[in-house]
């Protein structure tokens, strides 16, 4: 595949790429080690600052990297990356270097040590904003501090996990703008 | 449209219908009043008990009904209901009876006072599980206590909000079961 050409994207519009509920690839780095995990339990929480919550299981190899660094990058894969998404989710960073093993390219972020995944059309650099729900719920509350999106990808064929090894692939986009109140747009 | 025929559904499998990130219709009831709101900021948080988190803005008419009753029903609409979803999201329960106005049918739930929406193929009755994040983040943590799903709807054409009046419609489902480790299914 041709790598997406990402550029700076407004933080206030991050919801356009995460609210639909795609499976994401979370990258992390700590003391020279980096890793990738799949993640599907997440939500937007605020527009400005752009807050994003997600559940991370303490059994994941990425958990300690993320807890210690208090940073991550949320990368959004599309259909062309489905095999890599499945492979990342069914292996552990304690055994393999997922970047090398699955042909994913780490590129430098600007605000965090964790890398962007070049093959993903959207990547969001995050700082930990609130840790107080990590203990009870594994809930990390992130502030998105830098967003990178390839704007030529107008209808991203994102993957949405249905459980049992099945993914729904994003279909067409319908425009209901004319039926919205202006203040709701 | 023909109303879906919902039946009891295992709580452990609720994620199959919510993890994909659909827009949902939240119903509530308090002191004889009921209402419907659209909601897109939500996530699964735990399998057993089935926990589900969502953001509800305090300015919504439903907010007080939900806070006071500590209950709600999460209903999942599909493409046939797109006009109603948009209408519900662009009106307020302080002005109109959304059930009557938009042709949605309230049916009795079993564990909560809030009604199910008959036209939605899946409905999840919820009790408030943890209120401590409502103040800081508008985050309600719910336990799903009863699930109703029409299992004949195998690939629900759910709606996923992209902002700006645009919805992505769920496309096809791909099966990667063979590439999963058994313990990850």
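Chains as they are written, first to last, in UniProt numbering: chain E, 1 to 185; chain R, 1 to 185. Ideal placement from N, C-alpha and C gives every residue a C-beta, glycine not left out.
List, in order along the chain, the chain E residues whose C-beta lies closer than 9 Å to that of residue i?
i	result
residue 170 of chain R	160, 168, 169, 170 and 171
residue 184 of chain R	89, 90 and 165
residue 177 of chain R	164, 165 and 166
Let me know if residue i comes out buried or exposed under the rule of 16 or more other beta-carbons within 10 Å of its beta-carbon.
i	result
residue 125 of chain R	buried
residue 154 of chain E	exposed
residue 93 of chain E	buried
residue 119 of chain E	buried
Under 9 Å between beta-carbons, which chain R residues line up against residue i? List them in chain order, please.
i	result
residue 180 of chain E	86, 89, 90, 164 and 165
Under a three-way DSSP split, which group does residue i fall into?
i	result
residue 6 of chain R	coil
residue 186 of chain E	Nothing can be reported for residue 186 of chain E, as the shown portion of chain E is limited to 1 through 185.
residue 130 of chain E	strand
residue 174 of chain R	strand
How would you list, in chain order, the residues of chain E whose beta-carbon sits under 8 Å from the beta-carbon of residue i?
i	result
residue 42 of chain R	43
residue 133 of chain R	133
residue 20 of chain R	21, 160, 161, 162 and 168
residue 63 of chain R	Here the premise fails: no neighbours, minimum Cβ distance about 16 Å.
residue 81 of chain R	The premise fails here: residue 81 of chain R is roughly 12 Å from chain E at the closest Cβ pair, so nothing lies under 8 Å.
residue 128 of chain R	Chain E residues near residue 128 of chain R: none, gap ~15 Å exceeds 8 Å.
Nearest by alpha-carbon distance to residue i: which of the options is it?
i	options	result
residue 13 of chain E	E/21, E/59, E/47 and E/36	E/47
residue 83 of chain E	E/96, E/135 and E/103	E/103
residue 164 of chain E	R/17, R/3, R/167 and R/129	R/17
residue 145 of chain R	R/123, R/171, R/137 and R/95	R/123
residue 7 of chain R	R/169, R/174 and R/147	R/147
residue 158 of chain E	R/10, R/20, R/5 and R/185	R/20
residue 129 of chain R	R/121, R/171, R/45 and R/86	R/45
residue 139 of chain E	E/41, E/35 and E/37	E/41
residue 172 of chain E	E/80, E/15 and E/156	E/156
residue 74 of chain E	E/185, E/60 and E/109	E/109
Report whether the distance from the Cβ of residue i to the nearest heavy atom of the ligand ADP is below 7 Å.
i	result
residue 116 of chain R	The ligand content of the structure shown is nil, which means the ligand ADP is not present either.
Residue i versus chain R: which residues are under 8 Å apart at the beta carbon?
i	result
residue 13 of chain E	163
residue 139 of chain E	45 and 53
Name the chain E residues that come within less than 7 Å of residue i, Cβ to Cβ?
i	result
residue 95 of chain R	Simply none; closest approach about 12 Å.
Using a cut-off of 7 Å between C-beta atoms, extract the partners of residue i located in chain R.
i	result
residue 16 of chain E	162 and 163
| query | For the stretch 7-53 of chain E, which segments carrying the alpha helix (DSSP H) assignment without a break, of at least 4 residues, lie completely within its bounds, in sequence order? | reply | 15-18
| request: Starting from the N-terminal side, write out each stretch of the alpha helix (DSSP H) that is 4 residues or longer and does not extend beyond the stretch 79-165 of chain R. | output: 82-89, 98-102 and 134-137
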